[in-house]
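Taking this note's numbering, the leading residue of the sequence shown gets 848, the next gets one more, and so forth.
This report refers to the structure that appears directly beneath it.
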Amino acid sequence: MRFFLTVLLIGLITISRSSGQGSVSTPPPTVVNTSENTGAVELITPLLKATVELEIDASSFFTDMAINAVVKFPETVAEPLETPGPDSGISIINLDVMEAYNEEEVASVATISLIAIDAGLITIPSFEFQSDTTVYRTLARQILVSTPSESEAMTFTMTPAKTTVYTGEPLRIDVRWEANLITNQIRSMRCFPEVFSYPNSEIIVPRNTDLEKYQMGMPFGGRRIIAKRVPPPSNEPNKQFEKFGVVSFPIYVKFNDPGIVELPEAKLEIAHLKGKGGAFAPYAAYFNNGLFEPLASLEVFERFYVNAPAVTIKVLPLPEKGRSETFSGLFAPVSIETSLSDNEVEVGEVVEVAFRVTSNAPHGMLELPELSAQRALRGRFRPSNGYSRKWLKDGTGFTGRIRPLTTTVTALPSLQFQIFDPTIGAYQTFQTKAQPLNVKPANGKNFFDIRSLAPEITLTNQAAGVWHNDQPGIMSDLMNQTIGWLAENMLILSLAAVGTYFVLLPWVKERRRRSINPAYRDQAAAYEAFKKLPERTEEKWEAFLHFLATSFSMPGGAWTPGEAQRLRERGISETDVQAVIDMHTAIDATNFAFHKPASQVPELNRLGRRLFDHFRRTLPAIAAFLLLGSMTYADEWTEANRLFGQALAATPGEHTTESLFTQSALKFEAAAVHHKRSGAAWFNAGNAWFNAGEIGRAISCYRQARIFRPFDEDVTNSLKAARALSIDVVEDKRKLRLEFIPVRWLSSGLVISVWFFIVFLLIHHRFRTKISLTGVTFVLVLLVLLSFFTAFAASRSESEGVVVAGSLYGRKGPAYGYQQAFNEPIHDGLEVRIIEEREEWLLVELADKRQCWVPADQVRRIKNVLS
């Protein structure tokens, strides 16, 4: 109505001016020459003035909230050339003029957004807009601007369960808000604690499980949550005056970076309606209550706030010591229970394994490592990747799937999960209980070939990163220079080699004689020690006697004057024998005299030299002796069998059962190393490792057993079954290589060929026929080939190996700093060929010719040896 009165007033003023009554205030039109050439003129009519209303819908104003106003015009106007400045007490945020399309009597609309700089009674100055005919001015308007005030009727706290945590550890923060205000007067809650936006952190508000009458929806941290609200006890029958009460709920946060976390004060603010207010939750208590109403929808209200104290939290890094790659990420206290969907299945049939994980952490912060990381399942089960999850009131339910691979499985074994105990700051291992499982054969087969599930290659190349640097090889610069120098001086070096041979031949013979003749070795060592001592000393005399004793294989201090007769028997000249006797007499006279004269030890070097030369000529060149060791070993075979029997009688799947199988395997291996039924010992060790779930070690033992028993079907079938349970599927592009042939059998063939060669050679010497010559030639060729094969296979011993680690990543170089060679880890049971060794790393080649570096202690080598 006001708008139409304004338009009517403008019309009346225009009519009065046109009738001449306003000639005093209305100046005559002015003529302005607009063109000197044409003489055209333009009449300038004075602009009319009008007042328009500044429309503001809100009734409550605050210094931190924008004030939105609208001005409507009956004709098109332009934006004002000047706007009020900061001195006016307001700050213009936005001013925009646009055409109006929805109202017939409104041509344009101006929207103004401004904010009050100070609280109190302020005046919004007038704004001036101009059209082609009229200047429109808004009337100044006074408003009362307030600021949010801290309320003593509210309290707000965010209390952490503790102030020191580890990275990744869920921290519970209890939120409590109490308001001693009437519920129907509370609106528009706002609270954005900084913990919700802290970098590299995770935060979860767990699901509310209280009774529905206590559940209340509220905005918090930019989320819609359900909290517990308990109104205070009251005898007031009219619910309109019910007090708000206490709101409480927990939040959980994980900080992924170590350091000091400073969380500032958290501000909780509400709008408090003046008057009686209105219904707080007309429809439901979840998301339709007054806390979600925007401030713009309210009329007369005031704003209250309360602050939660600041919190400082110390985040410690998880220790590296004792941490495994399969760390579950779970923190004590935690409980894990397992169960099976079916306790009787066929081999290869899918079985669901249910895990019930109970912890202080909420549902969204509980995770389990993949079942493929469980060593106890390897070689017995084929686990699938991933879990299905189910919310539980006290934790999370996980469901995984596995396939039993062999009928020897009698239980789901005890599974191990590494957890961290923050109270002691160390890692611990949590073990589940074994679950009985009966696995029956399927289609007459007692094991399931895992490779039938994965025809594709399970290891894919990693494109990122560079490979290791090449080591200098045989064609390096130094080797090239050496080869060139040898070629250029071939004749001189050849002659030098012949001369060196004759020069070194006596020394080599001497060293040879000492190595094969212990008596001569001791005698020569005694003579060398004797020569080094100075003449005419008692030490020289004692060394001389020790030299004489060792020359006759006597203990060092056993030589007496009466032993001189031995010298005559050995063919020593009488002069030298008598000289030795005289020396004994003189030395004894000195030692046993009452008044001991000065020692008169004669010179002994010449006599010692003559004796040593004589002993060298007369001592036998080859001494027949045999060194027998007195070491006795425990009967590992018997102990291994006893442990194996205990493991079979123990409860299947338990950790103690696997420990007994492991001990039995180690004892069988010790028996094999000490040549105690080597072939059978390696085979039994493989069986024990197989039952312990160590597929890689089982394969290595079966391959060692095949060196001793290459034609044994039990060994071959067991090796085939173990290989079928290995996880990694790699296409074998290798052909039969000589190092695959056991050296023991090659050596045996070589010995037999030598004897055949001797026999055929003797026959040929007797008869000298073409047939005998052909036989000699054939056996000789066979002997040469076997010699080559034996030498080559022996040189390549330990060039084959089996990965025995549960899982590891192959690298592109001999260090953990290199990129991974494959996107997926390799597992135990993968057979490799060893190409190179650098310190504690091995460069290995897979069956499909691809290569990677692995730690040396994670690969078990196959020893192709004689015994």
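Backbone N, C-alpha and C define an ideal beta-carbon position, used for all residues, glycine too.
- Spatial neighbours of P1230 in its own chain (CB-CB distance under 6 Å, excluding positions within 5 residues in sequence) are listed in chain order as L1218, S1219, L1224, I1249.
- Judged by beta-carbon spacing, F908 lies within the 7 Å limit of I990, meaning their Cβ atoms are closer than that value.
- For P1230, DSSP records a beta bridge to I1249.
- V944 is bridged by DSSP to A957.
- When only Cα atoms are considered, F1277 and G1242 end up about 17 Å apart.
- Comparing C-alpha distances from S955 to each of S1547, L1572, V924 shows the shortest one belongs to V924.
- For the pair of segments examined, the region 1166-1174 was found not to touch the region 1053-1062: the number of CB pairs separated by less than 8 Å stays below three.
- Using a Cβ-Cβ distance cut-off of 8 Å, the region 1676-1695 and the region 1250-1260 are not in contact, since fewer than three pairs of beta carbons, one from each stretch, lie closer than that value.
- The bridge partners DSSP lists for N1285 are E1191.
- Where L1566 is concerned, there is no enclosing beta strand (DSSP E), although the alpha helix (DSSP H) around it starts and stops at 1560-1571.
- Per DSSP, H1393 lies in no beta strand (DSSP E) segment; the continuous alpha helix (DSSP H) that holds it begins and ends at 1385-1398.
- Across the structure, Y1374 and A1433 are spaced so that their CA atoms are roughly 22 Å apart.
- With 16 or more other CB atoms across the displayed protein chains lying within 10 angstroms of its CB, H1674 is buried.
- For N1154, there is no enclosing alpha helix (DSSP H); the residue is found in the beta strand (DSSP E) stretching over 1148-1155.
- According to the DSSP assignment, N1488 belongs to the alpha helix (DSSP H) that extends over 1483-1496.
- Judged by pairs of C-beta atoms under 8 Å, the region 1263-1270 touches the region 1177-1187, as three or more such pairs exist.
- R1076 is a Cβ neighbour of G1092, given a cutoff of 7 Å.
- When secondary structure is reduced to three states using DSSP, D1268 falls in the strand class.
- Secondary structure note for N1711: it is in no alpha helix (DSSP H), with a DSSP letter that is neither H nor E.
- Looking at the backbone, the Cα of L1454 and that of F1603 are separated by about 54 Å.
- Contact between the region 1612-1630 and the region 1644-1654 is absent, with fewer than three C-beta pairs closer than 8 Å.
- In the DSSP assignment, I1574 falls outside any beta strand (DSSP E), carrying neither H nor E.
- Of the candidates E922, P1111, D934, E922 places its Cα closest to the Cα of E946.
- Taking one beta carbon from each stretch, the region 1035-1044 and the region 1107-1122 have 3 or more pairs nearer than 8 Å; the two touch.
- With 16 or more neighbouring CB atoms inside 10 Å of its own CB, Q1370 falls in the buried class.
- Here D1704 has E1687 as same chain residues with Cβ atoms under 8 Å from its own Cβ, once five neighbours each way along the sequence are excluded.
- Annotation: the continuous alpha helix (DSSP H) that includes Q1510 extends over 1502-1520.
- For I1033, the beta-bridge partners assigned by DSSP are H1119.
- Boundaries of the beta strand (DSSP E) harbouring G1064: 1062-1067, taken from the DSSP string.
- Assignment of beta-bridge partners to Y983 by DSSP yields A897, F976.
- Between the region 1027-1038 and the region 1112-1130 there are three or more inter-stretch CB-CB distances shorter than 8 Å, so the stretches are counted as touching.
- The three-state reading of DSSP puts P933 in helix, counting H, G and I together.
- DSSP places E1416 in the helix class (H, G or I) of the three-state scheme.
- In the three-state DSSP reduction, E1041 falls in the helix class (H, G or I).
- Out of F974, F1459, A1000, R1034, the CA that lies nearest to the CA of S1420 is found in F1459.
- By the neighbour-count criterion, in which a residue is buried when 16 or more other Cβ atoms sit within 10 angstroms of its Cβ, V1094 is buried.
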